[in-house]
Every structure is written in C-alpha cells, then in structure tokens.
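Presented below is the structure to which this report refers.
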Amino acid sequence: MTVPSHGPIAGRVGGGPVTPAAVSDLISAHVVDVPDFPKPGVGFKDLTPLFADGPAFAQVIDVVATEHGGAFDVVAGIEARGFVLAAAVAYASGAGLVPIRKAGKLPRKTVSAAYALEYGEAVLEVHADAFEPGARVLLLDDVLATGGTAAAAISLVEQAGGEIVGFSVLMELAFLDGRARLGGREVHALLTV
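If you want my numbering, it's the 1-based position in the sequence shown plus 1089.
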C-alpha cells in the first residue's frame, strides 16, 4: 500500500487563507486555565483541547509547517506536548523528527542539559547522533514560559551538531520573560499572553 505524500494546505479548514490573527484567536479559544498545577501557586495553560479539535489542530499545524518556508531538514519536539506538534509538522512538511526527552528515556549515547523550570529543575537529553552535521532544525514546543526548557533544548541541538533555524511555540507567557534566556534568538509565538 502506498501512502500519498502531501504538504501543508493553507486554509484547509474554512476554505480561505489562515491569518495569524485567526490562528491566535483559535488557540486562545481552546486554552483551559488550570490553577495550582503542577503545584500550588502555578497557573497551567492546558492546550490539549486544541489537540483534540481536529479542524483547529490542522489549521495550527498548517501555519507552523509553512511559516519557516521549508527551510528546515528536521523538526525537534520538546517532551512532551512538543512531540505532538513536532510529529504533525514533520509529517506535513516531509521533514525528519527528533524527540528531545527527559533524562533517562533514550536508549543510546546522549548529550544532556540541566535547566530550571518555573516550578522545579529538570534535565533534557537527545541522542548524540540525532542530527547530521549542519542539519537545519526547527524546534517546537507548546509554551514558552521562563525559557529554561527552550534554552536547554537549543543547547542540546547545537551540541549534537544541528543548527537551529527556527523556534516556534503555540503560546508565549510574556510576563515570565522567557525570551530573555534565549540570547536574542527569534521566537515565533502564535499567541502571546
């Protein structure tokens, strides 16, 4: 059986082009605010309702897959919700997929980076041979908060031989100033709150 190849289809849902404002509104309409999660005092932005809405999710993936003009070879997704986005964008664009995992989840030699979260500390890893030297990498995650996770992921991609050519998130929590930890690197956020 042959599966047909396809690329992103701008405006797949609704028939017309998908504007950045429309996608921002779409994401905003699907966010559920969860107080005191994962610990007291932390407000969690739950995007899983967006993932569950097929037509809405398709619009978001189409926008992310086309916003970098195909100038990437590999899509890297940050555990865990970044995997959802990265897999869909990699498929839509015909690019490879590399998971950036929490420590201890990958079976072969890895490179790692420790970082501080809004609510604790963690370590991310990627296989040491995950990228061909000079591979152009689009890095994806669901939310940019304090920037610790993103900074660690960028470091990992570079340690493993990849070149970050884009970093996109569905939502940026601007009040946490995560961009400040990324050394002036451009961030494409579909929704900023």
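Backbone N, C-alpha and C fix where the C-beta goes; we use that ideal spot for every residue, glycine too.
Quiz item: Whose C-alpha, out of His1119, Asp1231, Ala1176, Arg1190, is nearest the C-alpha of Val1212?
Solution: Numbered from its first residue, the sequence shown carries residue 1212 at position 123. Distances from the alpha-carbon of Val1212 to those of His1119, Asp1231, Ala1176, Arg1190 put Arg1190 closest.
Quiz item: Just the Cα atoms here: how many angstroms apart are Ser1094 and Ala1239?
Solution: Position 5 of the sequence shown, counted from the start, is the residue given in the question as residue 1094. Position 150 of the sequence shown, counted from the start, is the residue given in the question as residue 1239. Because the pLDDT of Ser1094 is 37, which lies under 50, any placement of that residue in the model is unreliable, and the question is left without a value.
Practice problem: Please go through the region 1156-1223 and give each complete alpha helix (DSSP H) segment of 4 or more residues, from N-terminal end onward. | Solution: Listed in chain order, they are 1170-1182.
Quiz item: From this set, Ser1117, Phe1133, Gly1159, His1157, which residue's C-alpha is nearest Leu1139's C-alpha?
Solution: Translated into the one-based positions of the sequence shown, residue 1139 becomes position 50. Minimum Cα distance to Leu1139 is reached at Ser1117.
Exercise. Please report the residue range of the beta strand (DSSP E) in which Asp1114 lies.
Key: As a first step, residue 1114 is located in the sequence shown; it is residue number 25 there, counting from the start. Asp1114 -> not in any beta strand (DSSP E); alpha helix (DSSP H) instead, spanning 1109-1119.
Practice problem: Kindly confirm or deny that the region 1222-1234 and the region 1250-1257 touch, where touching means at least three C-beta pairs closer than 8 Å. | Solution: yes
Quiz item: To which residues does DSSP link Lys1134 through a beta bridge?
Solution: As a first step, residue 1134 must be located in the sequence shown, where it is residue number 45. Answer by DSSP bridge pairing, in chain order: Asp1122.
Quiz prompt | CA-to-CA distance, Leu1262 to Ser1142, given in whole angstroms | solution = Mapped onto the sequence shown, residue 1142 falls at position 53. Mapped onto the sequence shown, residue 1262 falls at position 173. Note that residue 1142 is Asp in the sequence shown here, rather than Ser. Looking at the two C-alpha atoms, the distance is approximately 23 Å.
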